[in-house]
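Trainee: Sharing a structure here in structure tokens format.
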Amino acid sequence: FTDAEVYQQSFNSREYLKEFYSLRDSQGQPNTFLMENLKSLFKMFSLDGLRGDTLIDVGCGPTIYQVLSACEHFQEIIALDYTDQNRQELLKWLRNEPGAFDWRPVVQYVCELEGDREKWAEKEEKLRRKVRQVLKCDVTKANPVDPVSLPPADCLLSTLCLEAACKDLATFRSALRNISALVKPGGHLVMVTVLQETYYAFNKQVFSCLHLERNEVEEAVEGAGFEVKFSEVQPYLTSDIRVDCKAVLSLVARR
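This note's numbering puts the first residue of the sequence shown at 1, with every later residue one more than the last.
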């Protein structure tokens, strides 16, 4: 199983973004995986009670797509990731530096879901303002942001992270318990998790993924002290050699 050090040494954040986060591929084909996830996130963050002051994004990677809907409902976002180059890549975009990844088509797509495609620049500005901290984290630690301590947040978001960070179900369950301490009682957990995936590949490299079933994820979430409020599975039907994922689970739970 790909361990954390391999990510730190050889995960190419920019190639990852180019491979998986363009709205259309080089042949002009739509990125259905990304579009479906954006729709799910929009739907989940429209649910009652999903608002508050602080949202913590656990395992943000070098991406912002996952907080585009969330940033309309929370005042402050704290982004956490293990890999230095992912945090650097994210900061490059947040600081609007030359050479940062172009998220505009993705932001426009989310604005369209929200009813006004033209609000993309406003949304980018809002997100840049709301992401207050970008910190290193390790979900296998009891306090994932150790040595920092964060006040518990209103919402915890984790997309496509734990299944790549946890080598087995026991580690996955323990990671969920670890991150649960970051959210206050009554707060929410929002997750997007790939099901039945064992690898993803790009840039001539292969990274492991923990093969998970829907019930295993739901039970692990409940075992971490949450009550599942919303759970939906979207089959992933595209034949794609870069991943062997069969479906995507979107889930909201309350602590």
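Glycine included, each C-beta is placed from N, C-alpha and C at the ideal position.
1) Straight-line CA distance for proline 185 to valine 221?
2) In the DSSP assignment, find the unbroken beta strand (DSSP E) run with arginine 117 in it and report its ends.
3) Take the Cβ of asparagine 203 as the centre, count every other Cβ of all protein chains shown within 10 Å, and call the residue buried at 16 or more, exposed below.
4) Name the DSSP beta bridge partners of glutamine 133, please?
5) Within a Cβ cutoff of 6 Å, which residues of the same chain sit near serine 40, ignoring the five residues on either side of it in sequence?
6) On the CB-based measure, 16 or more other CB atoms within 10 Å of its CB, does alanine 142 come out buried or exposed?
7) Are leucine 80 and glycine 52 touching if we call contact CB-CB under 8 Å?
8) Under the three-state reduction of DSSP, which class applies to tyrosine 257: helix, strand or coil?
9) How should leucine 237 be labelled, buried or exposed, when 16 other C-beta atoms within 10 angstroms of its C-beta is the threshold for buried?
10) Please check the pair leucine 210 and aspartate 168, which I expect to be a contact at CB under 8 Å, by giving their CB distance rounded to whole angstroms.
11) Identify the residues that DSSP records as bridge partners of threonine 193: which are they?
Mentor: The answer reads as follows:
1) 14 Å
2) That residue, arginine 117, is in no beta strand (DSSP E); it is neither H nor E in DSSP.
3) exposed
4) Ile78
5) Ser250
6) exposed
7) no
8) Past the boundaries of the shown model lies residue 257; the chain is included only from 1 to 255, so the question cannot be answered.
9) exposed
10) 7 Å
11) Leu249
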